[in-house]
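End of the sequence shown sits at 1648 in this note's numbering; the numbers just go up one at a time, nothing left out.
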Amino acid sequence: MDINEDTIPELQPIFTFLNSHANKLYQEGYFLKLDDQNTQGKPNADRTWTECFAQLVGTVLSLWDAAELDAAGEDGEILPKFINLTDASIKMIESLPTRSNDEQPLQNILSISTAGRNRYLLHFNSHHSLIQWTAGIRLAIFEHSTLQEAYTGALIAGKGKSLNNINLIMDRSRFKTEEWVRVRFGAGVPWRRCWCVISPPDEKEYQKAQKEMRKKSPYDRSTPVLKGSIKFYDTKKDGKKQKKARPIATITDAYSSYAIYPQAKSLIDASTLLKIEGNITIHSEPPSSTEGFVFIMPETHPAVSGFEMLLRFLFPTWDTFALYGRPGRLVASVLDPRSLMFAMPKHRRYGYLEILDVSGLILTEGSSSWSEREWRKQLKELTGKRMNAVDEAGGTRQRSGSKRSSRLSFGNGTSSPVPAKPRVGFADDAISNRSSRSMSLGAPNRSETAPVTTSRPPPALAGLGLNKANHARNSSDPHLLGHAPPRNEDRGYDSSYSNSYNNSPARGPTPVKGILRSGTQSSDDDTARSTPARDLENNVRSMESPEPVAAPPAFNYGPQSKPAGKPYHSPDLRRATSRLSNTTLSQLAKAGGFATPPDDRSESSSERRSGEDAAGPNPLL
């Protein structure tokens, strides 16, 4: 993406980091690959092993057939195939049986599912190589998701001040929010139009919890966080009839919810695309619940921009599940793991973690049972430790809000007697143009991820709260530094945060039983809307263990070997792999009521979702 004078200051560093991430080489080397299942979960006709040279750049895995590379020699050009891992689910398999009784079961296997019920099996020639690749994939996906959170925070900071009713939007949700939305229950599932009802925690229970909290000692703030739910219906009904209607699905809890950069700056104002990750219940017979994610596009209203509709949906969602400091003040500190802007650097490239750090987590006892929520928490906690180590090495410890100049207030503040228009933004809009240590594809040295430097993280993004006197206090003091959360009289206290790989769970959300990871590709609204929950459940079931495979050939190359010739790379093709599909762009246009820009390139082949594509576009959604 181009960064120019038209880019608002708050988004400039985000675009820089997104560009850096998209070109960052996390891992490269040789392994054997087997295409196990298609998106419908059926075994592929050709389940044979192929030796590949691969590079993980951003969240896109580029693969070259090793035999073709050898045949082409140093001067030949072999087009790669791509696998988009942005929403992938990964799992290390301890033992994989072969079809021959004379062969020992295979070890060092990594299973990857990217869309529907498809699955790739990667076989490495050492346990160390397996751990390195698994860590690289986890780190790439983690940094991508946290960058999308940072994009959301910067977008609110930079453009929220332009909305006249921003204070009303940011007020605590006390009543239900109901909207028509376009929703996709996981990667590779058809978009469908649903009536969405966001139900915040019961107001009486909330007020009761506030009264109980005021009676407690200032040092005892262990009151459970109240949470609501988000329900999706096929049809809209009036009054109490809606409450009696049976929903398609319900989000019962969420650990993240953020806007997704729509791959083109021209679409930012109109885009309502967001992602929610958490626990989802599918109301089939019988109902099933699992951890998963959904993509949502709220439909716009007349004379209401897509950006405003996005905020009208995000803030009630955050209030409903107590995310990012809500329903209190939106946490803005880069030192607080609850913040959208957590770990945002100022004078260094994005990312504090290295492959070795994530490898240590993979080898931690008990990690085999971690859910995706727990993985996200562990990675953020480890990031916080690395940030503290950076501060200590530099002899500095920065506290959010320690100086008035270190943050901006979303409101009048206390020093200005004249009411002012709410403002949000970075305390320091300038960023360093220092080159990233991310590996360039022009000279693809193997990646170790972020080096530990003594650079300090940037000042916190503006505190995003209501324009009220009782919001003047900074509620984003980081728990990393051991400070108790400050109290807000109206909204109480911010909630606190509180060597085995056998049977390790998927990295990504496990396919939602009955709706996530559907094998069906994009379809029109009528088809998607007519798909009952029971049919979706039949299409999507928990991923079973792979069937016995053919014995693999011997490895011809070591895991760290390099091809004789430089693998051919087309940055445009790789970027196309992570672009939005035509179907998603079409849904975005319908939800936002606008025409897709003619310069937004999405070829017909981009209808395929994150499977494998021979040098053709491979969409993000």
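C-beta atoms are modelled at their ideal positions from N, C-alpha and C, and glycine is treated no differently.
Between the C-alpha atoms of SER1386 and ILE1257 there is a straight-line separation of about 36 Å.
The distance from the Cβ of ILE1110 to that of THR1141 is about 6 Å, consistent with a contact at the 8 Å cut-off.
Going by DSSP, HIS1150 is part of no alpha helix (DSSP H) but of the beta strand (DSSP E) stretching over 1146-1150. Around the beta carbon of TYR1246, fewer than 16 other beta carbons sit within 10 angstroms, so the residue counts as exposed. Note on geometry: alpha-carbon atoms of ILE1303 and PRO1036 lie some 27 Å from one another.
Beta-carbon to beta-carbon, PRO1590 and LEU1090 are separated by about 12 Å, too far to satisfy the 8 Å threshold. Pairing VAL1208 with ILE1323 gives a Cβ-Cβ distance under 8 Å. DSSP lists ARG1211, LYS1302 as the bridge partner or partners of PHE1322. Restricting attention to beta strand (DSSP E) runs no shorter than 3 residues, the segment 1171-1244 encloses them at 1204-1211, 1219-1226, ordered along the chain. The beta carbon of PRO1580 is closer than 8 Å to those of LEU1059, TRP1076, GLU1078 in its chain, skipping five residues each way along the sequence. Comparing C-alpha distances from ASP1092 to each of ALA1081, ASP1102, GLY1143, GLY1085 shows the shortest one belongs to ALA1081. Counting C-beta atoms within 10 angstroms of its own C-beta, SER1366 has 16 or more neighbours from the protein chains shown and is therefore classed as buried. DSSP places MET1119 within a strand segment (E or B) once states are collapsed to three.
The continuous alpha helix (DSSP H) containing LEU1045 extends over residues 1039-1049.
In the three-state scheme derived from DSSP, where H, G and I count as helix and E and B as strand, THR1141 is classed as coil.
Linking PRO1228 to THR1347 through their CA atoms gives a straight-line distance of about 6 Å. In chain order, ARG1146, LEU1148, PRO1573 place their CB closer than 6 Å to the CB of ASP1063, counting only its own chain and leaving out the 5 sequence neighbours on each side. Around the CB of LEU1195, fewer than 16 other CB atoms lie within 10 Å, so the residue is classed as exposed. Rounded to the nearest angstrom, the gap between the Cα atoms of LEU1083 and ARG1211 is 26 Å. By the CB criterion at 8 Å, ARG1403 and TYR1584 fall outside the cutoff.
Bounds of any beta strand (DSSP E) do not take in ASP1073, whose DSSP letter is neither H nor E. Each of ILE1225, LEU1301, LYS1231, ILE1307 was checked against the Cα of GLN1269, and the nearest Cα belongs to ILE1225. Note on geometry: alpha-carbon atoms of GLY1266 and TYR1233 lie some 23 Å from one another.
Of the residues assessed, GLU1055 falls on the buried side of the cut-off, its CB having 16 or more other CB atoms within 10 angstroms.
Collapsing the DSSP output to three states places ASP1102 in coil. Ranked by Cα distance from ASP1363, the options LYS1412, CYS1223, GLY1185 are led by LYS1412. The segment 1115-1128 and the segment 1335-1355 do not touch, with fewer than three beta-carbon pairs separated by less than 8 Å.
Note on ARG1201: under 16 other CB atoms within 10 angstroms of its CB, so exposed under the neighbour-count rule.
In the assembly as shown, PRO1070 is an exposed residue. Its beta-carbon has fewer than 16 other beta-carbons within 10 Å. Where ASN1609 is concerned, the enclosing alpha helix (DSSP H) starts and stops at 1609-1619. Here ALA1297 is buried: its Cβ has 16 or more other Cβ atoms, across all protein chains shown, within 10 Å. Look at ALA1578 here: in three-state DSSP terms it is coil, with no helix or strand label. Here LYS1407 carries a helix assignment [DSSP, helix/strand/coil]. Short of 7 Å from the beta carbon of LEU1253, and not among the five residues preceding or following it, lie these beta carbons of its own chain, in chain order: PRO1228, GLU1232, TYR1233, ALA1236. Restricting attention to THR1066, LYS1108, LEU1038, the CA atom closest to the CA of HIS1596 is found in LYS1108.
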